[in-house]
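Each remark here refers to the structure printed beneath this line.
There are 2 protein chains.
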Amino acid sequence: MTPFLTKLARFRTRSVSGGEGKGEVNIFIGYQLPNQSKTEGEKLMRVILNDVYLREGAQVEGAVMTPEDQLRYVQLLLEGGIDSIEIGFPSSSPEQLADCQKIVDLVRKWEGKKPLLSGLAIAMKDSIQAVRDAGCDVCHFYIPTSNELMDAQFRDSKYGNTKEDKQNWIVETAVFMVKFALSLGFQKVEFSPEDAARAGRDFLCRLVEAVIGAGATIVNIPDTTGLRIGNEFGDLIAHIFKTVPNIQQAVVSVHCHNDSDHSTNNALQALLAAKAAGAEKFRIEGTFFGLGERSGMTKHEAVIMNILTRRDVMEDDRFIGMELGFNPMFCYKIVHFIAHALGMSVPRQWVVVGDQNALCSAGTHQSIEIKAGEQGSESPYYSWNPAKFGHEKGVSIVIDQSSGRKALADRLSTLGYQVSAKQLSEIYQQVMKLSESKQGRQVSDKEIVAVVQEIVKEIPNRMLVTHCQAIGGLGTIPMAAVILQVNGEPVQKTAAGDGPYDALMKAVQLAAEYFFPVLLQAKVVLDDWQASAVSKGQETLADVYTRIRLANDGNRIFSGRSTSMDTNQATAQSFANCLSWLLTALENSAK
Amino acid sequence: MTPFLTKLARFRTRSVSGGEGKGEVNIFIGYQLPNQSKTEGEKLMRVILNDVYLREGAQVEGAVMTPEDQLRYVQLLLEGGIDSIEIGFPSSSPEQLADCQKIVDLVRKWEGKKPLLSGLAIAMKDSIQAVRDAGCDVCHFYIPTSNELMDAQFRDSKYGNTKEDKQNWIVETAVFMVKFALSLGFQKVEFSPEDAARAGRDFLCRLVEAVIGAGATIVNIPDTTGLRIGNEFGDLIAHIFKTVPNIQQAVVSVHCHNDSDHSTNNALQALLAAKAAGAEKFRIEGTFFGLGERSGMTKHEAVIMNILTRRDVMEDDRFIGMELGFNPMFCYKIVHFIAHALGMSVPRQWVVVGDQNALCSAGTHQSIEIKAGEQGSESPYYSWNPAKFGHEKGVSIVIDQSSGRKALADRLSTLGYQVSAKQLSEIYQQVMKLSESKQGRQVSDKEIVAVVQEIVKEIPNRMLVTHCQAIGGLGTIPMAAVILQVNGEPVQKTAAGDGPYDALMKAVQLAAEYFFPVLLQAKVVLDDWQASAVSKGQETLADVYTRIRLANDGNRIFSGRSTSMDTNQATAQSFANCLSWLLTALENSAK
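Heads up: the protein sequence lines correspond to chains A and B, in order.
Here this note's numbering is used: the first residue of the first sequence is 1, the next is one more, and so on.
Here this note's numbering is used: the first residue of the second sequence is 592, the next is one more, and so on.
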């Protein structure tokens, strides 16, 4: 395995201000990511991550990406160095099969580390054949094994008359299908005893031994209903390692559902049981963002964070020597990509990658963090470092009443604003007032932007929409007229468009280009437009947010906001604000 | 304690169709909620839930509700029967103090079960006095106890020179402050050794014993950095119960952060340790939706689900005899309320209350569920019942290629649509086609609504906006003209408004009332309006969703959607669609 990150010494995440006049302090986070073991020559244990979103997650209503997004998603997994991917259930439909083939093609062309690709099947020849047709490396099939599922699935007497008969049928069928899959030339065969966590242990161990004996190379133990808590699931894995004589010939894998909110714990307990049993490899199935049936399943981001934090920060002996193949820096990006692709959002408090993980909010924590920083000690509260999991910066101290000018200046620059010292002073005063009115609590970025727009009037006020009128409707040619005023000088422009807003933006852009020909260089593309009612009831203000992108300049973005009784007006002014920030940036870069 | 739910026998959640011609089948879920213990005379253990959102959650950037929403939130907690609430940190600002007083007033007026109200303080007289001024029942104060926090907070030699000196100072101060709080007349005093999970165990136990000796009635043990996993935190609680001689004189409480995604496990392990030690009461601090610093903290919804499922469904001996005071039916409502109030959304896969928990999506699960239903067996996969945690219905089988007409009819009725048998047939065919084009996968409600609008043209087509024109802009009187066509007959109406959309909706409403005077009875209020670009780039379609509410009829809602190059047009037509569905409902109810 190639080490996925170079060894890093303790590092500073970023400078923050410790309040007025206190000067610059730092948050230190003692985080190293050596992939090496602690002791030379110590045996390493490889933790394999198998991503099952494309099969498990994508079964779920509302959690299905477009085929294009699926390919982008696979691309991200490849870049992150995923160990293996379950790409689908090829026999479920011809379209699934075709989708799987596309993913196989994409991965074949990838020149980096190639993950193993598996496809799911039921214990039927046709279903297994479809996995072969899809071009997967691994054939993964399953059979229900708990009494509950056997009752539902194998009630018919053709499976036998007694429970023992039915169990024998299951063992024979599983063995037969392993051999069948091997005969098709699969590199590896994976078997899952479905609902293993509720199955009889003796039967389960007999079944696992039999399939390994028949040549299965991966045995995946699922907690299908997600109801195991505490040590229960880890104990089951320990029992399998202890009881099944040929267990070390296969890679053991776990698949934990999250109904009880224990899927991370269950996967880790299983991993520790495998380590204690001397396994050289162990596989954890999961998805980013925990997508899967019902409450979903083990979150890769949580497993990765636990292993790395325990191994490198807390130096927990049980985790020393464990090796991962996935770059943790991709955690943030992938979870947020999935949410975006599915039209969901990542809650601020989501484990590891929620944005709140990189904010020091509580006033009481802030003061201790700042004190520790001044003393040069390690961060007392942030012992794991969000920056290592893909948060853009390390921990930032949020802006509130205890924040100083430097912290605010830093935040403004992050938000893309360049302001003068005098403006900074004014913004600072307003932000402190705002914080006071919020009972000393944090001022959000959105609120900071509003204050900036109010104070740094020369930017949004560079271009003022003093009149605007737009007409649309069926049977009309949508058109708009605007009067844009710059330094008191008005110019009127009209434009037609595909709708009244399109016409409005085109008219604003024409007027802006009249005043500032430098804007002609920029290829402005509308990146986002959102309008919402500020409150309920017809007579309300429209709050319009517009974002533009520079298609010819690294896709830089500029945002504008405006609120008005009139959505036309708010749209035109918010678009003009985008152009004003763009213009200022162009002028500054020309200096 | 009043039992919060009557004893329920096994019940049917809802009817679903098992595919064409298979007739009606059922999902059975064996869920009972007796609050009684299993055996007569058995000792009960009371699990107390302390909600700390108003203090812990509301510290967090972006997680602060408006004061009005805070009061609505407290009202929901009261209705759900919460045991206690930490309402804030009164000494942090005069505004916080005033907010706390408002909450105290609200709770004083509540005629149902009254929760204990606590306020947080640091170990200073003024801070504790502020909790008294706020009117709280309980004074809760804390002191850092881990070496990490002591290093940051108590480095100064005024706290002593050696670690032992500093620890002695902490014990003395804590004892002094407990006595001070009692002298102010507090009903109860709560003490938290901050970062206890990283503190030295001997020191921690000495401190806990001392504060209980001084009169503290609640001792709250926090895992402040959220890094405990597996049994570590439960072991600490077991150690405290074993070691602190006067521990049974206080209620032990836990406060677990979620950085490692183990906060549910840690709270439950602690609860089991307390039960094993013979505690009659145990308190778990948490928040709904897990809000709190960084990755948040123990989720009430997960703790409640675990205890009830273990006790009543799985009959786990360790949980038998545990009593809760909170009505689990409020879990869904409260989490979704919080998300709405904070402008967040609840991920579909969120534990317990995510919408996915009430959907049976995977085709393989569906077929087994349907088979089990036909046989009258219990649900193999849904052993805990989402309906008991506030999901509106029990588990629904989602609509996909395997779904039958009855399942679809049921779904349409849920969505508020009444359709004829002929229309149902057509909708069914379209939905199956759509599912096929989605590779046999589920058709979402949104997609079903689109199909319904396409097929049941007589409803959205009852009122067609054939022309619309709106004018707005600074310096104009926003006005609109529409031609609304009903049965081929057009009528033109104009209206002025606060903006062009308001004018458009008013004009549409006037025209609709002209045709259908029954609409004059309805007090229509705009409940939601959202417009978004369908794709990126200026030349795109606007997708407008409009929802109206009947202020005079139980706040019934009706939704409409429309897509057009022209946002005016899409707004007017989507509003007309709302009115059409409203009209149909009014006519049907008059029959």
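For each residue, glycine too, the CB sits at the ideal point set by N, CA and C.
Given the structure is predicted, the values throughout are model-derived calculations rather than measurements.
Of the candidates L1110/B, T855/B, L862/B, P836/B, L862/B places its Cα closest to the Cα of I639/B. The way I'd put it, the region 924 to 944 of chain B does touch the region 666 to 674 of chain B; three or more beta-carbon pairs between them come closer than 8 angstroms. Taking CB atoms only, A930/B has a neighbour in chain A less than 9 angstroms away. Residues of the region 1090 to 1124 of chain B with a Cβ closer than 7 angstroms to any Cβ of chain A, in chain order: G1090, P1091, Y1092, D1093, M1096, V1116, L1117, D1118, W1120, Q1121, A1122, S1123, A1124. The shortest CA-to-CA distance from K872/B to any of V651/B, I820/B, S886/B, N811/B is the one to N811/B. Think of a sphere of 7 angstroms around the beta carbon of P938/B: the chain A residues whose beta carbon falls inside it are M344, P347, in chain order. Counting other Cβ atoms within 10 Å of its Cβ, H931/B stays below 16 and is therefore classed as exposed. Comparing alpha carbon positions, the residue from K299/A, V353/A, E513/A closest to E392/A is V353/A.
For the region 1132 to 1156 of chain B, the beta-carbon criterion of a distance under 7 angstroms to any beta-carbon of chain A is satisfied by A1133, M1156. Excluding its 5 nearest sequence neighbours in each direction, K866/B has C-beta neighbours in its own chain below 6 angstroms: M636, listed in chain order. Taking every protein chain shown into account, the CB of L999/B has 16 or more other CB atoms within 10 angstroms, so this residue is buried. Taking 9 angstroms as the CB threshold, R1002/B stays off the interface with chain A. Secondary structure in the region 145 to 203 of chain A: the alpha helix (DSSP H) runs of 4 residues or longer, each lying completely within the stretch, are 147 to 153, 163 to 183 in chain order. W384/A belongs to the set of residues whose beta carbon lies under 9 angstroms from a beta carbon in chain B. Sixteen is the threshold: when 16 or more other Cβ atoms of the shown chains lie within 10 Å of the Cβ of S295/A, as they do, the residue is buried.
The region 197 to 204 of chain A and the region 172 to 183 of chain A do not touch, with fewer than three beta-carbon pairs separated by less than 8 angstroms.
Residues of chain B with a Cβ closer than 8 angstroms to the Cβ of I307/A do not exist; the shortest Cβ-Cβ separation is about 10 angstroms. As the crow flies, the alpha-carbon of V780/B is around 7 angstroms from that of V769/B. The beta strand (DSSP E) runs lying completely inside the region 190 to 277 of chain A and spanning 3 residues or more are 218 to 223, 251 to 256, given in chain order. With contacts defined by Cβ atoms closer than 9 angstroms, L1095/B and A1163/B form a contacting pair. Chain-order list of chain B residues neighbouring A302/A: S851, D852, by C-beta distance under 8 angstroms.
In this structure, V722/B sits away from A714/B, with a CB-CB distance that is not shorter than 9 angstroms.
Per DSSP, K979/B is not a residue of any alpha helix (DSSP H), being assigned neither H nor E. Residue-level contact check: D317/A does not touch chain B, since none of the beta carbons of chain B fall below 9 angstroms from its beta carbon.
Boundaries of the beta strand (DSSP E) around C1059/B: 1055 to 1062. Between A714/B and chain A, the shortest Cβ-Cβ separation is not below 9 angstroms.
The three-state secondary structure of C951/B, taken from DSSP, is strand. Comparing alpha carbon positions, the residue from Q1112/B, A1181/B, E906/B, F1107/B closest to A1167/B is F1107/B. Residue pairing from DSSP places M297/A in a beta bridge opposite H257/A.
Per the Cβ contact rule, the region 876 to 885 of chain B is not in contact with the region 908 to 918 of chain B (fewer than 3 Cβ pairs under 8 angstroms). Taking a Cβ-Cβ cut-off of 8 angstroms, the neighbours of K890/B in chain A comprise D261, given in sequence order. Interface annotation, E739/B: in contact with chain A, CB-CB separation under 9 angstroms. The criterion of a C-beta distance shorter than 9 angstroms is satisfied by F241/A and A279/A. About 6 angstroms separates the beta carbons of N258/A and M297/A, which is inside the 8 angstroms limit, making them a contact pair. Each of V937/B, K1114/B, V835/B, W975/B was checked against the Cα of F879/B, and the nearest Cα belongs to V937/B.
DSSP, reduced to helix, strand and coil, places T1137/B within a strand of the structure shown.
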